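Protein chains in written order, with the numbering used here: chain A, 3 to 199; chain B, 3 to 199; chain C, 3 to 199; chain D, 3 to 199. Using N, Cα and C, we set each Cβ at its ideal position, and we do this for glycine too. For clarity, every value in this text was computed on a predicted model and none was experimentally measured.
Number of protein chains: 4
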Amino acid sequence: MAKQPRADARRNRARVLEVAAEVFATDGLSVPVHEIARRAGVGTGTVSRHFPTKQELFAAILLQRLEQLIAEAELLAEEQEPGPAFFTFFATLIREGAANRGLAEALAGGGYDLESAAETAGLDLTGGLSALLTRAQEAGSVRPDVDYADVKALMNGCLTRTGAGTGTDPEADAAALDHLTAVVCDGLRSRAGSAID
Amino acid sequence: MAKQPRADARRNRARVLEVAAEVFATDGLSVPVHEIARRAGVGTGTVSRHFPTKQELFAAILLQRLEQLIAEAELLAEEQEPGPAFFTFFATLIREGAANRGLAEALAGGGYDLESAAETAGLDLTGGLSALLTRAQEAGSVRPDVDYADVKALMNGCLTRTGAGTGTDPEADAAALDHLTAVVCDGLRSRAGSAID
Amino acid sequence: MAKQPRADARRNRARVLEVAAEVFATDGLSVPVHEIARRAGVGTGTVSRHFPTKQELFAAILLQRLEQLIAEAELLAEEQEPGPAFFTFFATLIREGAANRGLAEALAGGGYDLESAAETAGLDLTGGLSALLTRAQEAGSVRPDVDYADVKALMNGCLTRTGAGTGTDPEADAAALDHLTAVVCDGLRSRAGSAID
Amino acid sequence: MAKQPRADARRNRARVLEVAAEVFATDGLSVPVHEIARRAGVGTGTVSRHFPTKQELFAAILLQRLEQLIAEAELLAEEQEPGPAFFTFFATLIREGAANRGLAEALAGGGYDLESAAETAGLDLTGGLSALLTRAQEAGSVRPDVDYADVKALMNGCLTRTGAGTGTDPEADAAALDHLTAVVCDGLRSRAGSAID
DNA sequence: TATGAATGAGGGTTCATTCAT
DNA sequence: CATGAATGAACCCTCATTCAT
Chain A
3 MAKQPRADAR RNRARVLEVA AEVFATDGLS VPVHEIARRA GVGTGTVSRH
53 FPTKQELFAA ILLQRLEQLI AEAELLAEEQ EPGPAFFTFF ATLIREGAAN
103 RGLAEALAGG GYDLESAAET AGLDLTGGLS ALLTRAQEAG SVRPDVDYAD
153 VKALMNGCLT RTGAGTGTDP EADAAALDHL TAVVCDGLRS RAGSAID
Chain B
3 MAKQPRADAR RNRARVLEVA AEVFATDGLS VPVHEIARRA GVGTGTVSRH
53 FPTKQELFAA ILLQRLEQLI AEAELLAEEQ EPGPAFFTFF ATLIREGAAN
103 RGLAEALAGG GYDLESAAET AGLDLTGGLS ALLTRAQEAG SVRPDVDYAD
153 VKALMNGCLT RTGAGTGTDP EADAAALDHL TAVVCDGLRS RAGSAID
Chain C
3 MAKQPRADAR RNRARVLEVA AEVFATDGLS VPVHEIARRA GVGTGTVSRH
53 FPTKQELFAA ILLQRLEQLI AEAELLAEEQ EPGPAFFTFF ATLIREGAAN
103 RGLAEALAGG GYDLESAAET AGLDLTGGLS ALLTRAQEAG SVRPDVDYAD
153 VKALMNGCLT RTGAGTGTDP EADAAALDHL TAVVCDGLRS RAGSAID
Chain D
3 MAKQPRADAR RNRARVLEVA AEVFATDGLS VPVHEIARRA GVGTGTVSRH
53 FPTKQELFAA ILLQRLEQLI AEAELLAEEQ EPGPAFFTFF ATLIREGAAN
103 RGLAEALAGG GYDLESAAET AGLDLTGGLS ALLTRAQEAG SVRPDVDYAD
153 VKALMNGCLT RTGAGTGTDP EADAAALDHL TAVVCDGLRS RAGSAID
């Protein structure tokens, strides 16, 4: 059992995480580190000490969130029927991403390779979602010819809807996003053949 | 007899466009202008002469491509039934974007406002796709409760599938993309109600 | 007890100011920021940190000097008769500008809008000099048909005398400048009619 | 007698001179060479062929003007009394400079050493003005304790009045300039002692 | 450990001058 | 000769990272 870091160090680390999460969520991953330090009320050096690289800060933020999401996935897997579990989780991810610009950027692959970071960290979003997907497919709730990558792509697509609709009515945006989510879920459920008419 | 620009200038301009198109397609819109100049074997000033601003270089490349695509859209609108016209064009856009990281970034809105650039240039991708969509909906080939933004979002989503394709087997990637496209088209076609089961 | 900036930062800032003041005084406002950094023995980023913009560096140097000069003007206004107060201050400005190419450039309006920068900073050179002028005119020490712009122009004129002084004998230059200043002051004092004879 | 350049070359040279004179007069010496070529309807290479360096273009323009002015000075010297000759020429220079931003910049020493260029070219503005000045001083029309450099400085001063008054009423500007000129002439005429009151 | 100042490479753009056509 | 495209150094500014205090 490793020695605990000093209490103030732990507090600072937590504070940086908290602020960075907010800032990345609001403004995306390209916010200068400097800005995060400023808002957290610490020096830039403090950020760098805890997260030697901006990428590592991304990882800490995003993987932390991912971990919670995976936990939710597991809970859903236990508590609900395969179909609803999958669809609920899918919608959750989308709402999450819509509320979190940085997460959306990372999921879309822009400028930060979340997937491999997760893998390195031993997290398995892929696994969590994959498991839900597979079960839903086995239960016949989701068409069998889609895979994890497809689902992720559809999720990313939904997320770009939000990006575009800035400056208008946030409630309308949210409604439109929910509607699109529903449409996509419909598509995933449908068992139709797929010739192009 | 219009006054032609000098032959060597045309060659260089073409070379810059060609190289930039390649580089943007491969590496995205954030490659330094300097790098494009280097690969084209010209000085940075030469790039700036032909395209005074990086944005104008984007425009030259992307709008040229867009123009062709819009022409295709119009052709399809004339020659095919509403449904197939829409779905074919949708698939075309996706294949195009998948082969072109820069285009995909621009379509997704990251770092370059393609939409308004197109508008300025008198191009109307929105209009082209919108028209196809509306007609397909009127013909009953596409569910009536999706709009242009939804379609664009789904397109963007498909495009992120490629991004993830970790370079293993390009043919498999292309096949997977086509499959996803087909799935999405299915979804757009389905007339089902949309309760989350 | 106000929070002091760090000692080394203060030293560097001071060093940059000092070097920049020297360099601008000697070589004018068009010296590259890079050069100032080099001579100060710091990186370009250090200059930018303290003075985010070249203009702000100008401001820091010139307004500081201006502030002192305005204070002098106010002191003179209180302690001396209107005439001497005005003429002394006028001569002071000229000597100052003669020793400071950057200040002279800024006063002449070349490349940096000192006037409006001063206004923004709450400084009012115009006001200071204007007030002295008006009072001297009311006291009958300065001919009533000149205005602030005239005075400023005459000052600028005197300053170009130095510019020409081809480096031969600095003492002789200074003497010549003082003499010219005296001549101009004579002219401002004279009450004669002004037909061109 | 050297061989004449080709007729079209002579025409081009003349055209460039003409346009450059206009442009420098209007916009100052910092206009890009490119812009002059463009307005003259020639290639940049043509400008460079005739005037290998921007400085040489300055010289050609400004010295040509200077030559005319010197001729005027000589004419005045012959045809008028010493005093009026001097004052008239002085006023002429000022009006010239006020109408010619480039000339004013050069006279003020900003970015181009007109004086030494003139010397190199065998022109002697100094001489022309100096001669007028000396004669006027000998005739008792100008105070004896000013020299050529003083006069030039006063002229430059007058010229900065114009620079400042942009954007308002051009006629008022011209009137103010004439008034200032008259004031300065008064000062040059005055025989008063010059203690600072 | 925390700080935040220092660093310096890297970005896009401009322009006097050169040189192939 | 004329052309104007090509050049590339120079400019100012940004920011992730390092390191003296």
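Its chain contains Leu59 and Ala62 as the residues whose beta carbon lies nearer than 7 Å to that of phenylalanine 53 of chain D, once the 5 sequence neighbours on both sides are disregarded; these appear in chain order. Scanning chain C for C-beta atoms nearer than 8 Å to the C-beta of leucine 68 of chain D yields nothing, as the closest lies near 16 Å away.
At a cut-off of 9 Å between C-beta atoms, arginine 145 of chain B counts as an interface residue with respect to chain A. One Cα belongs to proline 84 of chain B, the other to glycine 130 of chain B, and the distance between them is close to 13 Å. Not one beta carbon of chain C lies nearer than 9 Å to the beta carbon of leucine 135 of chain D. If you draw a 10 Å sphere on the C-beta of glutamine 139 of chain A, you find 16 or more other C-beta atoms in it, and that means buried. Taking the CA atoms as reference points, phenylalanine 91 of chain A sits about 6 Å from alanine 75 of chain A. In the structure shown, the three-state DSSP call for arginine 8 of chain A is coil. Annotation: the continuous alpha helix (DSSP H) that includes valine 185 of chain B extends over 172-191. Segment contact: the segment 98-111 of chain D against the segment 28-39 of chain D, three or more CB-CB distances shorter than 8 Å; contact assigned.
Interface annotation for the segment 94-116 of chain D against chain C: Glu107, Leu109, Ala110, Gly111, Gly112 and Gly113, criterion Cβ-Cβ distance under 9 Å.
Between the beta-carbon of leucine 125 of chain B and that of leucine 190 of chain B there is about 24 Å, and that puts the pair past the 8 Å contact cut. Taking the C-beta atoms as reference points, leucine 71 of chain C is found nearer than 9 Å to threonine 94 of chain C. Taking the CA atoms as reference points, threonine 122 of chain B sits about 51 Å from methionine 157 of chain C. Between proline 86 of chain A and alanine 184 of chain B, the alpha-carbon positions lie close to 24 Å from each other. By the beta-carbon neighbour count (other beta carbons within 10 angstroms, threshold 16), arginine 163 of chain A is buried. At a cut-off of 4 residues, the continuous stretches assigned as alpha helix (DSSP H) that sit fully inside the segment 16-87 of chain B are 35-42, 46-52 and 56-81. The beta carbons of aspartate 175 of chain B and histidine 181 of chain A sit no closer together than 9 Å. Excluding its 5 nearest sequence neighbours in each direction, glutamate 98 of chain C has C-beta neighbours in its own chain below 8 Å: Arg67, Leu71 and Leu105, listed in chain order.
For valine 35 of chain C and glycine 112 of chain C, the gap between their C-alpha atoms comes out near 18 Å. Taken atom to atom, the span from the alpha-carbon of arginine 40 of chain A to that of phenylalanine 88 of chain B is near 50 Å. Within chain A, the residues Gly159 have their CB atoms less than 7 Å from the CB of leucine 156 of chain B, given in chain order. For glycine 104 of chain B, the enclosing alpha helix (DSSP H) has its first and last residue at 103-110. Sequence-distant partners of lysine 154 of chain D (beyond 5 residues in either direction) whose C-beta falls short of 8 Å from its own C-beta, in its chain, are Leu109 and Leu131.
Spatial neighbours of glycine 43 of chain D in its own chain (CB-CB distance under 8 Å, excluding positions within 5 residues in sequence) are listed in chain order as Arg17. If you check each beta-carbon in the segment 170-191 of chain C against every beta-carbon of chain D, the ones closer than 8 Å belong to Ala178, His181, Leu182, Ala184, Val185, Val186, Cys187, Asp188, Gly189, Leu190 and Arg191. Apart from the 5 residues on each side of it in sequence, valine 33 of chain D sits with its Cβ closer than 6 Å to the Cβ of Val25 in its chain, given in chain order. DSSP places arginine 137 of chain C in the uninterrupted alpha helix (DSSP H) bounded by 127-140. Following the DSSP letters along the chain, one finds alanine 123 of chain C in no alpha helix (DSSP H), marked with neither H nor E. Shortest Cα-Cα distance from valine 186 of chain B to any of B:Asp171, B:Arg145 and B:Pro172 involves B:Arg145.
Taking the beta carbon of arginine 163 of chain C as reference, the chain D residues within 8 Å of it are Ala151, Asp152, Lys154 and Ala155, listed in sequence order. Taken through DSSP and simplified to helix, strand or coil, serine 118 of chain A comes out as helix. Residue contact check for valine 148 of chain D against chain C: a CB pair falls below 9 Å.
The three-state secondary structure of aspartate 152 of chain A, taken from DSSP, is helix.
Around the C-beta of arginine 12 of chain B, fewer than 16 other C-beta atoms lie within 10 Å, and the residue is accordingly described as exposed.
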